[in-house]
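Remarks on the structure that follows.
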Amino acid sequence: MIYRKQKDFDNFKCIADKCPKSCCIGWQIMIDEDSLDKYAATSGDFGHRLKSSINYEEGSFLQNNTRCSMLNKTGLCDLQSTLGESYLCNTCRKYPRHVEEFQDIREYSLSLSCPEAVRMLMVPDYSFSFEETEDDVFDDPEEFEDFDFLLFDKLEYARDKMIELAKDSSLPFSERLERIRSSAFALQNLYDEGEIFEMDNISYEDESTISLEYAMSGLSTLLELEVLEESWHETIRETISYWNTNPAKQFSEDATFVFEKILISLLFNYFCGAVYDGQIYARAMIAIMSTQWIMMIQAAHPNMDLAQNIYLYSREVEHSDTNVNTLISYFEQELD
36 MIYRKQKDFD NFKCIADKCP KSCCIGWQIM IDEDSLDKYA ATSGDFGHRL
86 KSSINYEEGS FLQNNTRCSM LNKTGLCDLQ STLGESYLCN TCRKYPRHVE
136 EFQDIREYSL SLSCPEAVRM LMVPDYSFSF EETEDDVFDD PEEFEDFDFL
186 LFDKLEYARD KMIELAKDSS LPFSERLERI RSSAFALQNL YDEGEIFEMD
236 NISYEDESTI SLEYAMSGLS TLLELEVLEE SWHETIRETI SYWNTNPAKQ
286 FSEDATFVFE KILISLLFNY FCGAVYDGQI YARAMIAIMS TQWIMMIQAA
336 HPNMDLAQNI YLYSREVEHS DTNVNTLISY FEQELD
């Protein structure tokens, strides 16, 4: 098994009550079966409280005013402080650690929806890179019966080239985005035509244009997605209004080093998932346009903390399969 991990993945530590946007507030926290069984067997006064804090039909913790019922007034988890970390469900124990599973390969990263993960990313000398290890463990081939090794190999190669391009500081950042988009479009066409062997030979120097009108249309699509907080819709509306009024506005290059790492993170998380659904272009575009939309939101809200902008976007857009699938369908329409 090959294990690829985002740099400092294993060094991540939750900041708990010091977190400006707790993952214990706003989200429905699902509980795995093993944890449900463990909670059901917990006795005593706390066991009674624990069991009365669970919606067993949905397999999730109940909420009090959008707060997990285990979250106390000081912002700490009573479940962890009373019974220990081993009693946390998989969701709480793993977040914000994210894993993508491919046959005999696991890829690990930290979700941009976590403020502490974003803080780590924004440190100027933090380079978004990957550490790789390997052991003698292998997946059961029957569990990956339809896995296309050839396609995955081509996607890995393409992703490496895209990440290399994303880091190319000799090019304006907007041009890097455009070149990655153009290459993803070419890759999709070759895949659709059954020319997978030609995918290594595409150009990464061709440019397409990501116009303001195109980016604005995408922003409007964000208004159609599921939301955690209604204030998010207001943020998007304000952003659309700002760019309608300031169409000639140029992006500041000051935070390019951050946007570059956002782009790489999203490419790493999304792109190779196309081995399962063939959505090469759409998955690349989620990474490209999410980065551009975050830049547009920041320009429209200069007083907003950039880290807050990043993790709010990720919380609202990425943490819903429905939202991600809506964006995949949106970008897929361009291929018709």
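Just remember that the working numbering sits 35 ahead of the position in the sequence shown, which is counted from 1. For glycine and all other residues, C-beta sits at the position ideal for the given N, C-alpha and C. Remember, it's a predicted structure, so these values are computed and weren't measured experimentally.
query	result
State the Cα-Cα distance for the pair residue 36 and residue 182, rounded to the nearest angstrom.	15 Å
I think residue 50 touches residue 151, with their Cβ atoms under 8 Å apart; what is that distance to the nearest whole Å?	5 Å
Looking at the unbroken beta strand (DSSP E) that takes in residue 361, where does it start and where does it end?	It is not in any beta strand (DSSP E) - residue 361 instead sits in the alpha helix (DSSP H) that spans 356-367.
Between residue 210 and the rest of its own chain, which residues show a CB-CB distance below 7 Å, the 5 nearest in sequence each way excluded?	242
When you compare the CB positions of residue 196 and residue 217, do they come within less than 9 Å of one another, or not?	no
By DSSP's criteria, residue 134 is part of a beta bridge. Which residues make up the other side?	143
Output needed for residue 208: all residues of its chain with C-beta closer than 6 Å, excluding positions within five of it in sequence on either side, in chain order.	291
Kindly list the residues whose CB is nearer than 6 Å to the CB of residue 156, restricted to its own chain and excluding five residues on each side of it in sequence; keep chain order.	296
Compare the C-alpha of residue 96 against each of 121, 74, 64 and 115 and name the closest.	64
Check this for me: beta carbons of residue 163 and residue 343, under 9 Å apart or not?	no
Does the count of Cβ pairs from the segment 256-264 and the segment 124-135 closer than 8 Å reach three?	no
So residue 303 packs on residue 319, CB below 8 Å; how close in whole Å?	Between residue 319 and residue 303 the Cβ distance is about 12 Å, and since that is not below 8 Å, they are no contact.
Could you check if residue 339 is buried or exposed, using at least 16 other CB atoms within 10 Å of its CB as the buried criterion?	exposed
Measuring straight from C-alpha to C-alpha, what distance separates residue 365 and residue 137?	25 Å
Among 104, 145 and 83, whose alpha-carbon lies nearest the alpha-carbon of residue 300?	145
If you compare alpha carbons, which of 101, 117 and 254 is closest to residue 60?	101
What would DSSP say about residue 65, mapped onto helix, strand or coil?	strand
Less than 8 Å between the CB atoms is what I'm expecting for residue 396 and residue 294, so what's the real figure, rounded?	Not covered by the structure: residue 396. The range shown for the chain is 36 to 371.
Note the first and the last residue of the continuous beta strand (DSSP E) segment covering residue 167.	165-169
To the nearest angstrom, how far is it from the Cα of residue 246 to the Cα of residue 76?	58 Å
By how many angstroms is the C-alpha of residue 177 removed from the C-alpha of residue 341?	45 Å
To the nearest angstrom, report how far apart residue 159 and residue 43 are at their CA atoms.	15 Å
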